[in-house]
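Novice:
Numbering (the working numbering), first residue to last: 244 to 386.
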C-alpha cells in the first residue's frame with residue numbers, strides 16, 4: 244500500500260483588506276479549511292508543494308508571491324485520515340504559508356476534494372475552519 248508522507252503545507256489565501264478564502268472538503272462533510280496538502284515523497288521543498296497545492300485546489304498561482312511564515316506545526320493525525328499513513332505514523336508536520344491578494348479572485352475548485360468556497364472576513368473565517376492550526380494561521384495574518 245502507498246502511504247502518504249506525514250509532512251504537509253497550509254496555504255492561507257487572503258485579501259489584504261480583510262477577507263480569507265476558505266474551502267469546504269467533500270469528506271468529512273462540513274470540514275472547512277484553507278489550501279492544504281501533503282508533500283509528495285519526491286518533493287524536497289515545501290514552498291514548491293505549497294505552489295502545487297494552491298494551483299491544484301484553487302487554480303490560483305500565476306504570478307502570485309507565496310510567503311513562508313517560517314512556522315511548522317506538529318499535530319496528531321485525526322482518525323478520519325489516519326488510514327492514509329503508515330501504521331506507526333501518528334503525527335504530521337505542517338509548513339505554513341500565506342498569499343496576500345489585492346482583491347478577491349475566483350477560485351476554480353477541484354470537485355474531487357472540495358464542494359464549496361467562500362471569502363469571509365478574517366474573524367469569521369477563523370471560526371469557520373476546523374483545524375486549530377488553520378485558525379491560528381488566519382489570526383496571525385498581517386493587518
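Just so you know, even glycine gets a beta-carbon here, dropped at the ideal spot from N, CA and C. Because the structure is a prediction, the values reported are computed rather than measured.
Going by the C-beta, is residue 375 closer than 8 Å to any heavy atom of the ligand GTP?
Specialist: Among the components of this structure there are no ligands whatsoever, and the ligand GTP is therefore not found.
Novice: To the nearest angstrom, how far is it from the Cα of residue 250 to the Cα of residue 318?
Specialist: As a first step, residue 250 must be located in the chain shown, where it is residue number 7. As a first step, residue 318 must be located in the chain shown, where it is residue number 75. So the alpha carbons of these two residues sit roughly 11 Å apart.
Novice: With residue 297 as the anchor, note down where its alpha helix (DSSP H) starts and where it stops.
Specialist: The residue labelled residue 297 in the question sits at position 54 within the chain shown. Residues 289–301.
Novice: Does DSSP put residue 310 in a helix, in a strand, or in coil?
Specialist: Position 67 of the chain shown, counted from the start, is the residue given in the question as residue 310. Three-state DSSP puts residue 310 in a strand.
Novice: Which of helix, strand or coil does DSSP assign to residue 316?
Specialist: Numbered from its first residue, the chain shown carries residue 316 at position 73. Reduced to three states, the DSSP call for residue 316 is strand.
Novice: Determine the direct distance from the alpha carbon of residue 338 to that of residue 279, and round the result to whole angstroms.
Specialist: Here residue 279 refers to the residue found at position 36 of the chain shown. Here residue 338 refers to the residue found at position 95 of the chain shown. C-alpha separation (whole angstroms): 10 Å.
Novice: Assuming residue 377 is part of the alpha helix (DSSP H), what are its boundary residues?
Specialist: Taking the chain shown and counting its residues from 1, one reaches residue 377 at position 134. Looking at the DSSP string, the run of the alpha helix (DSSP H) that includes residue 377 is 375–382.
Novice: DSSP three-state label for residue 364, please.
Specialist: Against the chain shown, residue 364 aligns to sequence position 121. Note: residue 364 maps to strand in three-state DSSP.
Novice: Do you know offhand how far residue 383's Cα is from residue 264's?
Specialist: To locate residue 383, count along the chain shown from 1; it is residue 140. To locate residue 264, count along the chain shown from 1; it is residue 21. Roughly 15 Å between the two C-alpha positions.
Novice: For residue 262, which three-state DSSP category applies?
Specialist: Position 19 of the chain shown, counting from 1, holds the residue named residue 262. Strand, per DSSP.
Novice: Hey, residue 357 and residue 300: beta-carbon distance below 9 Å or not?
Specialist: Here residue 357 refers to the residue found at position 114 when the chain shown is read from its first residue. Here residue 300 refers to the residue found at position 57 when the chain shown is read from its first residue. A contact, by the Cβ cut-off of 9 Å.
Novice: When the Cα atoms are used, what is the spatial distance from residue 360 to residue 284?
Specialist: By 1-based counting over the chain shown, the position of residue 360 is 117. By 1-based counting over the chain shown, the position of residue 284 is 41. Answer to the nearest angstrom: the Cα atoms are 28 Å apart.
Novice: By Cβ distance, which residues of its chain are closer than 7 Å to residue 328, with the 5 residues on each side in sequence left out?
Specialist: Working through the chain shown from its first residue, we reach residue 328 at position 85. Only 246, 247, 249 and 320 meet the Cβ criterion.
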